[in-house]
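Every letter in the sequence shown is one number past the one before it in the numbering used here, and letter 529, counting from 1, is 757.
Virtual Cβ for every residue (Gly too), placed ideally from N, Cα, C.
Owing to the predicted nature of the structure, the values given are computational and were not obtained by experimental measurement.
These notes are about the structure you will find just below.
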Amino acid sequence: MREYSTPATSEVPSSGNLTDDVVANARDHAQTVVFSRPDPENGGSWRDVTAAEFHDEVRAVAKGLIAAGIEAGDRVALVSKTRYEWTLLDYAIWFAGAATVPVYETSSAEQVAWILRDSGARAVVAETAEHVARVTEVRRDLDALNHVWSFTDNAVAILTSLGQDIADDELEARRSAVGPGDVATLIYTSGTTGRPKGCMLTHANFMVELGVAVSELDRLFEIEDSSTLLFLPLAHVFARIIQIGCVKSRTRLGHSADIKNLVADLQEFRPTFVLAVPRVFEKVFNTASQRATADGRGAIFDRAADVAIAWSRGQDDGKPSLAVRLQHAVFDRLVYGKLREALGGKCQYAVSGGAPLGERLGHFYRGIGVTVLEGYGLTETTAAVTVNLPDAIKIGTVGRPLPGTAVRVAEDGELLFRGGQVFAGYWRAEEATAEAFEDGEWFRSGDVGEVDDEGFVRITGRKKEILVTAGGKNVAPAVLEDRLRAHVLVDQCIVVGDGQPFIAALVTLDRESLTAWAESHGKRDDVASLVDDPDLLAELQNAVDDANKAVSKAESIRKFRVLVDEWTEEGGQLTPSLKLKRNVVMRESKDEVAALYS
């Protein structure tokens, strides 16, 4: 059993909470710009928000929550895209002594209902009327829910007005009563059963994580005029940890809610670093390649990409050859500069997580002048437990454990982690919490990997069945498969999409039902001809559409393929209890899966 640990550089906090950063910033750096937010009244340009202004806004909204009856320890849900008000409410909830429950704005009504009911949320702050409608649709089953506010219906102004009679002392007493061990947030993550579990992350979890991450990643957070533009969902712990890190370090933070405006926002905001999932890096590369090809410069771009990769690999091998260095200098003017400009022109670093990036893209981006720092973590570990650092990077790995963190490779290859950022457990799920740990202290990640002699971790596979798309979305296949198998024409199905841009499925047909369907539709009962029959495919599309109602758009099945052969116990694809042997099916159907993404 292999184990590697990095010495701690800070102690686990014994007092305080995440709101202390906001208070300290306002007291000691009142006029420092900590946010820039879109200003619709000024043509959509960016308006700066100082530390003092943010502190005042947070306190005003927190008073409104208290006036509305939110008590210490209550849960308040946020259903919204990434925007300034998301961050504002997050800190206001903490000031009021409550805990934030993020909900993806793409979540279905079923998912919203489960999270709100399981968490016992007392209030919801949603973004739009559509989000409010989703909550309203399921509200009759939510006994604990007392309030629903909407950003587009002046939630901030309403709460500010509501809290005018709350005394400063009352707010401060509520805020300062929160300690490191109190729950800061419940983040619901998919499980193998398809029922999301609420990860209890405490103030200490975040404080430990950022106590080392901000100093270790000093070139991101502590350089002069550092800034970043968040465009990933704040419901995800990856974006959330960057939000809190920016507040802690007074790094100017902006929000971009609409991916369609991202390029324009990046060029206007000009961040010094960005964070994204691998799919974003892939799209930037593919778009640039396609545009170059359309302009008749495809060969030049391909050569420039090869040189960038060779130049980056040369950094690891000692020094690139003279020919590579000369070509790199030429392409820096012709190609690389334009790519950096697409990220705003000032971006030097990017942080990648949520799914494997791949060595080729890692070398390409470093070669064009934007070093991608790939890390690894889960919701249960408050984001990163390992990360590549500017001065300690090994492309193709997810870096070394952060200070105070240890990694162990179990006998079956599963990666186990221990550290102050590892979560307190699952909400109201003692059995699931116990199962998540080995010997009561090592968190079972569910991923298989290895650790080299220098402590760099490499992820080699997944032990769990949870799929992680190229966009970093965790998807539990069971909920989709169960719904899809409920259709009369479906015998078996497998949902795929690990590392892919979208979720898809392979489907086998129930032979008896197929015979009856063919007869009633005047079709010849021949499986080989029916798998491509438009009428049959339309029927199956209805089944897929029904299954997709149970999940968000990012988790939904986009394509499916009907197979001629059956999966049976005799054929080795099913267990005696008729459970699908996923590894066997994936191995035997690799060509069919590849065809879904070709």
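- With respect to the beta strand (DSSP E) encompassing Lys-425, which residues constitute its N-terminal and C-terminal limits? Where Lys-425 is concerned, the enclosing beta strand (DSSP E) stretches over 425-430.
- Message: Can you find the residues in the same chain that come closer than 6 Å, C-beta to C-beta, to Ala-634, ignoring five residues on each side of it along the sequence?
- Response: Correct list, in chain order: Ser-233, Arg-646.
- Query: DSSP state of Val-759, grouped into three classes?
  - Reply: In the structure shown, the three-state DSSP call for Val-759 is coil.
- Message: Rounded to the nearest angstrom, what separates Glu-794 and Val-716 at their Cα positions?
- Response: Straight-line Cα distance between these residues: approximately 15 Å.
- Query: How about Val-363: is its Cβ closer than 6 Å to a heavy atom in the ligand NAP?
  - Reply: Although the ligand NAP was asked about, the structure shown includes no ligands whatsoever.
- Item | Close-in-space but distant-in-sequence residues of the same chain around Lys-751 (CB under 7 Å, 5 per side omitted) | Apart from sequence neighbours up to five positions away, the residues of its chain that approach Lys-751 with a beta-carbon distance below 7 Å are Leu-758, Asp-761, ordered along the chain.
- Query: Out of curiosity, what's the CA-to-CA distance linking Val-250 and Cys-721?
  - Reply: When the Cα atoms are used, Val-250 and Cys-721 turn out to be separated by approximately 50 Å.
- Message: Once DSSP output is grouped into helix, strand and coil, what is the label at Lys-751?
- Response: Lys-751: coil per DSSP, three-state reduction.
- 6 Å CB neighbourhood of Glu-830 in its chain, flanking five on each side removed: Nothing can be reported for residue 830: it is not among the residues displayed for the chain, which extend from 229 to 826.
- By DSSP, does Asp-675 sit in helix, in strand, or in coil? Strand at Asp-675.
- Item | Extent of the continuous beta strand (DSSP E) run through Val-790 | Per DSSP, the unbroken beta strand (DSSP E) holding Val-790 starts and ends at 785-790.
- Near His-556, what residues of its chain come up, given a Cβ to Cβ distance below 6 Å and the 5 sequence neighbours on each side ignored? If the five residues before and after His-556 are omitted, its C-beta is found closer than 6 Å to the C-beta atoms of Val-535, Trp-539, all from its own chain and listed in chain order.
- Item | Three-state class that DSSP yields for Thr-456 in the structure shown | Thr-456 carries a strand assignment under DSSP once its states are collapsed to helix, strand and coil.
- Can you grab the Cα-Cα spacing for the pair Val-442 / Ser-477, in whole Å? Cα to Cα, Val-442 sits roughly 7 Å from Ser-477.
- Can you grab the Cα-Cα spacing for the pair Arg-789 / Val-240, in whole Å? When rounded, the distance between both Cα atoms is 51 Å.
- Item | Reference Phe-684; option with closest CA among Glu-281, Ser-273, Arg-636 | From the listed residues Glu-281, Ser-273, Arg-636, the smallest Cα separation to Phe-684 is found for Arg-636.
- Task: Kindly indicate which residue of Thr-736, Gly-572, Gln-728, Val-707 has the alpha-carbon position closest to the one of Val-792.
- Result: That would be Thr-736, whose Cα lies nearest to the Cα of Val-792.
- Message: Could you compute how far the alpha carbon of Asp-619 sits from the alpha carbon of Leu-643?
- Response: Cα to Cα, Asp-619 sits roughly 24 Å from Leu-643.
- Query: Which residues in the same chain have their Cβ closer than 8 Å to the Cβ of Glu-820, if we skip the five residues on either side of it in sequence?
  - Reply: These residues qualify, in order along the chain: Leu-734, Arg-789, Leu-791.
- Beta-carbon separation (whole angstroms), Ala-320 vs Gly-348, contact threshold 8 Å: The pair is not a contact, with the Cβ atoms about 19 Å apart (cut-off 8 Å).
- Query: With DSSP run on the structure shown, which of helix, strand or coil describes Ser-378?
  - Reply: Ser-378 carries a strand assignment under DSSP once its states are collapsed to helix, strand and coil.
- Grab me the residues of Ile-472's own chain with a C-beta within less than 7 Å of its C-beta, minus the 5 sequence neighbours each way, in chain order. Only Leu-246, Phe-434, Leu-438 meet the Cβ criterion.
- Task: Compute the Euclidean distance between the alpha carbons of Ser-455 and Gly-482, then round it to the nearest angstrom.
- Result: Their Cα atoms are separated by approximately 8 Å.
- Task: Would you tell me roughly how many angstroms separate the C-alpha atoms of Ala-361 and Gly-325, rounded to the nearest one?
- Result: Answer to the nearest angstrom: the Cα atoms are 28 Å apart.
- Message: In this structure, how does DSSP classify Ile-451 when only helix, strand and coil are distinguished?
- Response: For Ile-451, the three-state secondary structure derived from DSSP is coil.
- Write down every uninterrupted run of the alpha helix (DSSP H) in the stretch 662-746 whose length is 4 residues or greater and which is fully enclosed by it, in chain order. Taking 4 residues as the minimum length, the alpha helix (DSSP H) runs contained wholly in the stretch 662-746 are 705-713, in order along the chain.
- Message: Quick check: the stretch 391-403 against the stretch 327-337, are at least 3 beta-carbon pairs closer than 8 Å?
- Response: No, because fewer than three Cβ pairs between the stretch 327-337 and the stretch 391-403 fall closer than 8 Å, the two stretches do not touch.
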